[in-house]
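Those protein sequence lines, which keep their order, are chains A and B.
Residue numbers for the first sequence follow this note's numbering, beginning at 1 and rising by one.
Residue numbers for the second sequence follow this note's numbering, beginning at 1001 and rising by one.
Don't be surprised by glycine CBs; every beta carbon is placed ideally from N, CA and C.
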Amino acid sequence: MTTTRLSLLAATTALTIGAMGAAAQAQDVKVGLITKTETNPFFVTMRNAAQAKADEMGIDFDSCAGAFDTDNEGQATCIENMIAAGATGILLTPGVPDAIVPTIERAQQEGVPVIALDTQTNPSDAADATLATDNFQAGLFIGEWAKAVMGDAADDAVVAFLDVSDGLQITTEVQRNQGFMTGFGIDPVDNKFIGDENDARIAGFAATEGAQDKGRTAMENLMAANPDINVVYTINEPAAAGAYEAIQAAGLADDVLIVSVDGGCPGVQNVADGVIGATSMQFPLRMAQQGVEAIVEFAASGKLPAASDGLDFTNTGVVLITDKPVDGIESKDTAWGLANCWG
Amino acid sequence: MSSENAANFEAVASAVTGEIGEDEWYRPSPLERIQRTLHKYPALGPFLVLVVMVVVFSLVAPDRFLRPFNLSLIIAQVTVIGTLAIGQTLVILTAGIDLSVGAIAVFVSIVMANVNVALGIPGFLAVPMGFAFGTACGLLNGMLITRLRMPPFIVTLGTLSIFFALNLWVSGSATVRGTNMDPLLLWPGQPITLFDTRFTLGSLGMLLMYGIMIYVLGYTAWGRYVFAIGDDPDAARLSGIRTDRVLLSVYAVAGLIYAIGAWFLIGRVGAASPQSLQIANLESITAVVIGGTSLFGGRGGVLGTLFGAMIVGTAVNGLTIAGFDPLWQRFAIGVLVIVAVALDQWIRRVGK
């Protein structure tokens, strides 16, 4: 893992230096950022970071967002408006990774490249480049960690899964969920699909929409069906915080292990407070900054970021955050986490 | 009785008294004249708002906004919601509401696409099958409302979830890509380039549907029944209108319109995604309300709704081009709704 991260760092540095060279001709460059929504702190962080980077480089910046997470038509409208506004290139977090493809192709026909951030398009090569978290890796980290922490008890674990949706099979939720299963030693069967597994340790799946209130309800329902749950995988930290409330209300706070993904500051604080056992931190700031730099570079040289080794996208990195490190799995403590968290 | 508004008994009555007042009794103030004119032509208010917005955005971003291409783009962008809002207007004119509009449309788009792609049935059959399916969904709403005497809000709140869940089940949550579809399904997305504009066949189809519905509401008996039921259902029944049958037909026609909207949606995004249109109910109601149709029924019309949809589209497009944060788009639409309803309340006080 260290080598991948080092090469990543090298790639980032190279990109930054390249972009600095391009900054001289950057006056006429305009970057458009389209997020899934404007409400999620993850996307707010991304937008603020992109705006700051654009200001620093002296280029124009516009942002737009869908009205809800899977607002494909809203994002299509955003893309059209960005082109009309004269964008040099577009950064997009696709809400519906396959249905947005025809609109991306129209932008490309107008000579406007589209770089996907955070979520890959489907097919992944529909975007000109992708800067994203390796979400499967993020799930894998917390799965491996949970297995190691539990030791032999992992063989008899009762695992609850708090996903985003009730079966929408959104790319990100699928990758994290199936990565966790793989790390924990549950056969994911088809790793592009949640729900086809037949491991007896799975207590059930529930939708949280990534929100704390729904996370609590979802956990309450799963516990009502199966009071022996002792491991909870959560799609993100707000869902984890909701699950903890339900677990605490049932008086089981010391018996249940919660793992999550995101690396938001409240989430990392929850790891420090012992609410969440471990979380995989992702880096929306880097995605946004590198995205702006990539478009400036494209304007100067026509070059776009290359994919990371063994992946079909540019990995912006994942770091496991926990105060209970285990042998063989690299992690950082919450002090580092709080210094590097977002939102 | 020659215009769409003539079917609105209240408007007719007050217009008549207004004329007498003007000639013989007293001279109305300029503000009262405005109030009466707006009362007589419900689409005038939203039209003026639209004009003002176009002027403002043209001043803010002259080189980008006021291009024929951009203005035709806005019409293309409001095609789907604009079409769905025609059906929503019909329902709201009867003092009902349809929360299931987006669920029906997305379900139809999935049925249409899967009938074609998964079952291999050609497009010239798949599209009409989608239309029939949408009509059936609307008919179900109408039956529950007229036979079981349930409020439209409750019925469509229920069918919203039912249709959306079935849509996920039928589709397996999977998007159907345009590359696999019969070209007829994608036909509404075909661009038509004329001088510096680029319309789509779907956007022209939407404008045509508005034309047809303006005629139907203004010049047919059915259109007058719709207004009469919304204005006073008991009076309508006593005057011999078979209100339940008309209501049932309104929901069925609305279902058909949503199905055509579903076809336009497939063309517009070049795919059928079961996750689309989740807030199309709120978006279509917004267009109707900004367009000057009263949520209490019996007053308004589809022309205003067209302007309402275009006002929302212009706000989103103009604010994006002017470089505003997306949250201000939402803010602006909220302000427009409040202003539109406040204006409606003021206009309704005419002659009182």
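- [ ] Starting from the beta carbon of B/Gly1082, find every residue of chain A whose beta carbon is closer than 8 Å, and list them in chain order.
- [x] Scanning chain A for C-beta atoms nearer than 8 Å to the C-beta of B/Gly1082 yields nothing, as the closest lies near 12 Å away.
Task: Between the CA atoms of A/Lys53 and A/Tyr233 - distance to the nearest angstrom - done: 34 Å
Open item on the list: Spatial neighbours of B/Arg1177 within its chain, please: C-beta separation below 6 Å, excluding the five flanking residues on both sides.
Closed with: Excluding sequence neighbours, B/Arg1177 sits near Ala1271.
Task: Given 8 Å, three or more beta-carbon pairs between the region 1323-1333 of chain B and the region 1063-1070 of chain B - done: no
TODO: Compare the C-beta of B/Glu1022 against all C-beta atoms of chain A and say whether one is closer than 9 Å.
DONE: Only weak support is given to the placement of B/Glu1022: the predicted model assigns it a pLDDT of 48, under 50, and the value that follows is read from those uncertain coordinates. Cβ-Cβ to chain A under 9 Å: no for B/Glu1022.
TODO: Compare the C-beta of A/Asp327 with all C-beta atoms of chain B and state if any pair is closer than 9 Å.
DONE: no
Open item on the list: Residues of the region 84-99 of chain A in Cβ contact with chain B at a cutoff of 9 Å, in chain order, please.
Closed with: Ala84, Ala85, Gly86, Gly95, Val96, Pro97, Asp98, Ala99
Open item on the list: Measuring only the C-alpha atoms, how far is B/Pro1172 from A/Pro188?
Closed with: Inspection of the sequence shows that residue 1172 of chain B is occupied by Gly rather than by Pro. Rounded to the nearest angstrom, the two C-alpha atoms are 18 Å apart.
TODO: Check the DSSP bridge columns for A/Ser260 and list the partner residues they point to.
DONE: Answer by DSSP bridge pairing, in chain order: A/Thr279.
Task: Rounded distance between the beta-carbons of A/Asp62 and A/Met82, thought under 8 Å - done: Approximately 6 Å separates the beta-carbon atoms of A/Met82 and A/Asp62; this is inside 8 Å, confirming the contact.
Task: Assigned exposure category for B/Tyr1026 - 16 Cβ within 10 Å defines buried - done: exposed
Task: Meets three-Cβ-pair contact criterion under 8 Å: the region 101-121 of chain A and the region 1089-1108 of chain B - done: no
- [ ] State buried or exposed for B/Lys1352, treating a residue as buried only when at least 16 other CB atoms are found within 10 Å of its CB.
- [x] Interpretation of B/Lys1352 is limited by its pLDDT of 49, a score under 50 that renders its predicted location unreliable; no figure is taken from the coordinates.
Task: Cβ neighbour criterion (16 or more within 10 Å) applied to A/Lys36 - done: Buried.
Task: C-beta contact flag for A/Gln169 and A/Phe136 at 9 Å - done: no
Open item on the list: I need the straight-line Cα distance from B/Ile1384 to B/Ser1284, nearest angstrom please.
Closed with: The question about residue 1384 of chain B has no answer here: the residues shown for chain B are numbered 1001 through 1352.
Open item on the list: Cβ closer than 8 Å: which chain B residues qualify as neighbours of A/Thr70?
Closed with: Ser1273, Gln1275, Ser1276, Gln1278
Task: 9 Å Cβ cutoff met for B/Ser1273 and B/Val1078 - done: Going by C-beta atoms, B/Ser1273 is not nearer than 9 Å to B/Val1078.
Task: Status (buried if at least 16 other CB within 10 Å, exposed otherwise) for B/Pro1046 - done: buried
TODO: Determine the direct distance from the alpha carbon of A/Ala294 to that of A/Ala300, and round the result to whole angstroms.
DONE: 10 Å
Open item on the list: Under DSSP, the alpha helix (DSSP H) around B/Val1117 begins and ends at which residues?
Closed with: 1101-1117
Open item on the list: Which residue wins for smallest C-alpha separation from B/Leu1319, given the options B/Ala1043, B/Pro1062, B/Leu1048?
Closed with: Looking only at B/Ala1043, B/Pro1062, B/Leu1048, the smallest Cα-Cα distance to B/Leu1319 is reached by B/Pro1062.
Task: Unbroken stretches of the alpha helix (DSSP H), 4 residues or longer, contained in the region 188-258 of chain A - done: 212-225, 237-249
- [ ] Run the CB neighbour count on A/Ala335, radius 10 Å, all protein chains shown included, and call it buried at 16 or more, exposed below.
- [x] exposed
Task: Helix, strand or coil at A/Lys332 [DSSP, three-state] - done: strand
Task: 9 Å Cβ cutoff, B/Gln1077 in contact with chain A - done: Yes - at least one Cβ of chain A is within 9 Å of the one on B/Gln1077.
Task: B/Asn1180, buried or exposed, once every other Cβ within 10 Å from all chains shown has been counted against 16 - done: exposed
TODO: Could you please give me the residues that DSSP links to A/Ser63 through a beta bridge?
DONE: BP columns for A/Ser63 point to A/Leu33.
Task: Cβ of A/Ser124 within 9 Å of any chain B Cβ - done: no
- [ ] Can you have a look at A/Gly95 and say buried or exposed, based on whether 16 or more other CB atoms are within 10 angstroms of its CB?
- [x] buried
Task: B/Asp1325: contacting residues in chain A (beta-carbon distance under 7 Å) - done: Under the 7 Å cutoff, chain A gives Ser63.
Open item on the list: Applying the 10 Å Cβ sphere with the 16-neighbour rule, what's the burial state of B/Phe1124?
Closed with: exposed
TODO: Scan the region 1156-1180 of chain B for residues whose Cβ lies nearer than 7 Å to a Cβ of chain A and list them as they occur along the chain.
DONE: Leu1168, Ser1173, Thr1175, Arg1177, Gly1178
Open item on the list: Can you tell me which residues form a DSSP beta bridge with B/Arg1198?
Closed with: Under DSSP, the beta-bridge partners assigned to B/Arg1198 are B/Thr1193.
TODO: Could you tell me how far apart the beta carbons of A/Gly204 and A/Asn226 are, in whole angstroms, since I believe they sit closer than 8 Å?
DONE: 7 Å
Task: Spatially closest choice to B/Val1091 from B/Phe1195, B/Leu1031, B/Asn1317, B/Asn1281, by CA coordinates - done: B/Asn1281
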